[in-house]
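Visitor:
Protein chains: 4
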Amino acid sequence: MAQFEARASNFKERVLASFGKQSFLEMLGGEITHIAPGEVDITLTARDGLQQQHGFFHAGVTTTIADSAAGYAAFSLFGVGDGVLTSEFKINLLNPAQGSKLVAKGRVLKPGKMLTICRGDVYAYQDDSEIHVATGLFTMVRAEGLEP
Amino acid sequence: MAQFEARASNFKERVLASFGKQSFLEMLGGEITHIAPGEVDITLTARDGLQQQHGFFHAGVTTTIADSAAGYAAFSLFGVGDGVLTSEFKINLLNPAQGSKLVAKGRVLKPGKMLTICRGDVYAYQDDSEIHVATGLFTMVRAEGLEP
Amino acid sequence: MAQFEARASNFKERVLASFGKQSFLEMLGGEITHIAPGEVDITLTARDGLQQQHGFFHAGVTTTIADSAAGYAAFSLFGVGDGVLTSEFKINLLNPAQGSKLVAKGRVLKPGKMLTICRGDVYAYQDDSEIHVATGLFTMVRAEGLEP
Amino acid sequence: MAQFEARASNFKERVLASFGKQSFLEMLGGEITHIAPGEVDITLTARDGLQQQHGFFHAGVTTTIADSAAGYAAFSLFGVGDGVLTSEFKINLLNPAQGSKLVAKGRVLKPGKMLTICRGDVYAYQDDSEIHVATGLFTMVRAEGLEP
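Printed below as a string of structure tokens:
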């Protein structure tokens with residue numbers, strides 16, 4: 002069901018290597034739990050320090066993992082030497098983000114030479130329940146020579 | 002030049018009290034440095050742990066302080082007992098976010114009974130230079146009985 | 002596979018009656034070609050007067066039918082007496098919109114008492130080919146007493 | 002107060018020539034009423050056929066003139082031979098669009114080699130009153146060799 006083809010055969014290693022340099026994701030405790038051409042998932046386990054004023058995950062946390070998942074979904078298709086930068090995005094917060102775990106799913110909708118458009122969705126898990134907490138659209142820029 | 006009137010006379014105390022409950026902003030090191038009716042600024046000093054893969058502030062950091070500044074700009078106009086939730090936003094990242102300090106300026110564009118529309122802009126400072134790193138539009142929901 | 006339930010049994014008639022009052026859609030030549038709870042499609046046949054400077058459908062045309070399809074997808078779930086207003090949306094134009102026909106598919110993602118979040122996608126058809134020309138996210142407001 | 006410099010000395014003629022090829026804007030009755038480097042205004046006089054179901058200007062009309070004004074604001078800075086395409090935008094509808102006239106003001110926020118970010122605001126006029134009906138953010142692409 003893979004719709005897209007990665008230009009670099011070592012795309013998984015490249016995604017993990019670049020992601021490993023995002024100190025902010027390390028601070029949040031986000032981990033990559035799925036990589037395929039045009040697809041990246043990031044999983045985040047609840048911890049202290051990620052909340053907004055009502056005790057839900059802060060919109061900034063939800064957004065950060067959605068943005069990173071979408072960015073690496075785009076990056077997974079890029080050639081060696083290319084980097085990725087977020088140009089813009091829009092996100093709708095559909096439900097309060099509460100639970101023991103968040104998973105952000107970044108998926109490429111339209112790859113391009115210059116711009117790659119992605120969707121990013123975030124789900125919250127508590128026991129057996131799954132809640133769709135956010136959906137967004139992201140424009141990613143391929144930045145030649147800017148790898149990692 | 003204040004265009005808007007705050008419904009609660011103690012709006013500054015309410016903003017600071019609610020903001021103090023955002024553990025995520027505490028983790029990032031964001032501080033409120035300006036409050037007026039419909040206006041909130043958040044200042045963040047550079048520190049380790051806030052970076053993306055090229056060493057710039059992560060888009061999630063820029064976005065988080067823009068979202069919080071916009072949310073509290075809306076909240077500053079609300080009545081006692083009301084809370085604020087972000088419904089959605091869109092942000093354009095105009096320049097790489099690098100420097101010793103970021104300032105997010107949240108400003109109400111259109112207050113409403115139910116929805117309040119805000120602008121959020123983020124500037125990066127290095128020595129004497131100021132760079133406009135992001136601009137966004139935010140829809141905030143007034144949530145009755147959900148204070149803080 | 003209908004995920005949602007319409008509050009009004011005559012939801013199809015209500016959608017068509019309200020849509021019939023949109024003189025702008027009549028000017029464009031848009032027609033509703035699918036209605037289900039939370040789902041509306043609008044089809045537009047190419048004609049003179051809908052182009053931008055390169056001869057493609059103008060982004061405003063693509064956007065208008067996406068917005069109307071999304072709005073009526075939300076409206077299809079509302080109760081008698083309720084009207085619908087667009088609060089905001091974001092749209093990515095994925096490919097040049099050219100062909101003999103456009104179809105906009107509005108789908109409710111998250112219904113709500115006050116706000117209903119929808120996706121809107123537009124496809125262009127030429128002979129046997131289908132191209133995904135736009136995808137967007139829409140926030141629709143339920144306006145009590147504002148039917149149609 | 003012009004912040005930007007136009008690459009082509011005949012930028013006004015180029016904007017008007019390209020705008021004249023937008024048959025959709027002619028159908029709507031939009032006219033360019035201001036051009037400066039990075040700035041374009043479009044004015045639209047009320048007429049039958051532009052309404053949504055409550056008799057206000059359709060969101061698609063408001064959006065179309067905002068998009069065109071933003072696109073030509075970007076185009077005004079481009080060099081000879083370059084065309085402009087809208088990549089994406091987001092718009093908030095702040096107030097019902099009613100009145101005898103709409104004016105869309107497109108302004109460049111950040112010019113770029115590849116992407117130019119613009120703001121677009123729409124105002125409605127009735128007798129002596131001015132109402133801010135919409136504000137949006139637009140990403141425009143410079144398309145080499147695609148003039149007009």
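Chains as they are written, first to last, in the numbering used here: chain A, 2 to 149; chain B, 2 to 149; chain C, 2 to 149; chain D, 2 to 149.
By construction, the Cβ of each residue, glycine as well, lies at the ideal position given by its N, Cα and C atoms.
Mind listing which residues of the segment 71-92 of chain B have their C-beta closer than 9 Å to chain A's C-betas, in chain order?
Guide: Here the close residues are Gly-72, Gly-84, Val-85, Leu-86, Thr-87, Ser-88, Glu-89, Phe-90, Lys-91 and Ile-92.
Visitor: In the DSSP assignment, the alpha helix (DSSP H) including A/Leu-17 goes from what residue to what residue?
Guide: Start and end: 12-20.
Visitor: Classify B/Glu-27 as helix, strand or coil using the three-state DSSP reduction.
Guide: helix
Visitor: Just confirm the distance between the C-beta atoms of C/Lys-102 and C/Thr-46, as a whole number of angstroms; I'd bet it's less than 8 Å.
Guide: About 6 Å; that satisfies the 8 Å criterion.
Visitor: Identify the residues that DSSP records as bridge partners of B/Asp-122: which are they?
Guide: B/Lys-106 and B/Thr-136
Visitor: Would you decide whether B/Arg-143 is buried or exposed? Buried here means 16 or more other CB atoms lie within 10 Å of its CB.
Guide: B/Arg-143 comes out buried.
Visitor: Skipping 5 residues on each side, what residues in its chain have a beta carbon closer than 6 Å to that of C/Phe-79?
Guide: Arg-143
Visitor: Report yes if the C-beta distance between D/Ala-135 and D/Leu-95 is below 8 Å; otherwise report no.
Guide: yes
Visitor: Quick one: which chain C residues come within Cβ less than 7 Å of D/Val-22?
Guide: The sequence given here places Lys at residue 22 of chain D; Val does not occur at that position. What D/Lys-22 touches in chain C: Gln-54.
Visitor: According to DSSP, what are the bridge partners of D/His-35?
Guide: D/Asp-42
Visitor: How far does the beta strand (DSSP E) with D/Ser-101 in it extend, from its first residue to its last?
Guide: It is not in any beta strand (DSSP E) - D/Ser-101 carries neither H nor E in the DSSP assignment.
Visitor: List, in order along the chain, the chain B residues whose C-beta lies closer than 8 Å to that of D/Ile-118?
Guide: Asn-93, Leu-95 and Thr-136
Visitor: Taking only three categories from DSSP, how would you classify C/Ser-130?
Guide: strand
Visitor: What does the alpha-carbon distance come out to for the pair A/Phe-25 and A/Lys-106?
Guide: 18 Å
Visitor: Return the Cβ separation of B/Pro-38 and B/Phe-76 in integer angstroms, given the expectation that the two are a contact with Cβ distance under 8 Å.
Guide: Actually they are not in contact, since the Cβ atoms of B/Pro-38 and B/Phe-76 sit about 11 Å apart, beyond 8 Å.
Visitor: With a 10 Å radius around its C-beta and 16 neighbouring C-beta atoms as the bar for buried, classify A/Glu-145 as buried or exposed.
Guide: Taking all protein chains in view, the Cβ of A/Glu-145 is surrounded by fewer than 16 other Cβ atoms within 10 Å, so the residue is classified as exposed.
Visitor: Can you give me the Cβ contacts of A/Ile-132 inside the same chain, cut-off strictly under 6 Å, excluding the 5 residues immediately before and after it?
Guide: Asn-96 and Ala-125
Visitor: By Cβ distance below 7 Å, which residues in the same chain neighbour C/Ala-74 in space, the five residues on each side in sequence not counted?
Guide: Gly-39, Glu-40, Val-41, Gly-107, Arg-108, Val-109 and Cys-119
Visitor: Would the segment 17-37 of chain B count as touching the segment 48-68 of chain A if we require 3 or more Cβ pairs under 8 Å?
Guide: yes
Visitor: Output, in sequence order along the chain, the residues in the segment 97-115 of chain D whose CB is closer than 7 Å to any CB in chain B.
Guide: Leu-110 and Lys-111
Visitor: Sorted by chain position, which residues of the same chain lie with C-beta nearer than 7 Å to B/Ala-7's C-beta, five sequence neighbours on each side aside?
Guide: Correct list, in chain order: Pro-38, Ser-77 and Leu-78.
Visitor: For A/Thr-140, which residues in chain D fall below 7 Å Cβ to Cβ?
Guide: Ser-88, Glu-89 and Thr-140
Visitor: Would A/Leu-116 and D/Ser-10 be called neighbours here (beta carbons separated by less than 8 Å)?
Guide: no
Visitor: In the DSSP assignment, find the beta strand (DSSP E) that holds B/Phe-90 and state where it starts and stops.
Guide: Annotation: the continuous beta strand (DSSP E) that includes B/Phe-90 extends over 84-94.
Visitor: Report yes if the CB atom of B/Phe-90 is closer than 8 Å to the CB atom of B/Phe-139, and no otherwise.
Guide: A contact, by the Cβ cut-off of 8 Å.
Visitor: Looking at A/Leu-29: is its Cβ nearer than 8 Å to the Cβ of A/Val-62?
Guide: yes
Visitor: Run down chain B in chain order and give the residues with a C-beta less than 7 Å from the C-beta of A/Ala-60.
Guide: Scanning chain B for C-beta atoms nearer than 7 Å to the C-beta of A/Ala-60 yields Asp-68 and Thr-87, reported in chain order.
Visitor: For C/Thr-34, decide whether its Cβ has a neighbour in chain D, counting only Cβ atoms nearer than 8 Å.
Guide: no
Visitor: Who are the neighbours of A/Pro-38 on chain B, taking C-beta pairs under 9 Å?
Guide: Within 9 Å Cβ-Cβ: nothing; A/Pro-38 doesn't reach chain B, min ~20 Å.
Visitor: With DSSP as the reference, please indicate the residues paired to A/Ala-144 in a beta bridge.
Guide: A/Gly-84
Visitor: By the 10 Å Cβ neighbour count, where 16 or more other Cβ atoms means buried, how is C/Ala-67 classified, buried or exposed?
Guide: buried
Visitor: Beta-carbon within less than 7 Å of B/Leu-17's beta-carbon, same chain only, minus the 5 sequence neighbours each way: which residues are those?
Guide: Ile-33
Visitor: Output needed for A/Asn-93: all residues of its chain with C-beta closer than 8 Å, excluding positions within five of it in sequence on either side, in chain order.
Guide: Ala-135, Thr-136 and Gly-137
Visitor: Which residues, taken in chain order from the segment 42-53 of chain A, show a beta carbon closer than 9 Å to some beta carbon of chain B?
Guide: Asp-49, Gly-50, Leu-51, Gln-52 and Gln-53
Visitor: Do you know offhand how far B/Lys-114's Cα is from C/Gly-72's?
Guide: Going by the C-alpha atoms only, they are around 21 Å apart.
Visitor: Just checking my contact of D/Glu-14 with D/Gly-82 at CB under 8 Å: how many whole Å lie between their CB atoms?
Guide: Contact flag wrong, Cβ pair sits at about 14 Å.
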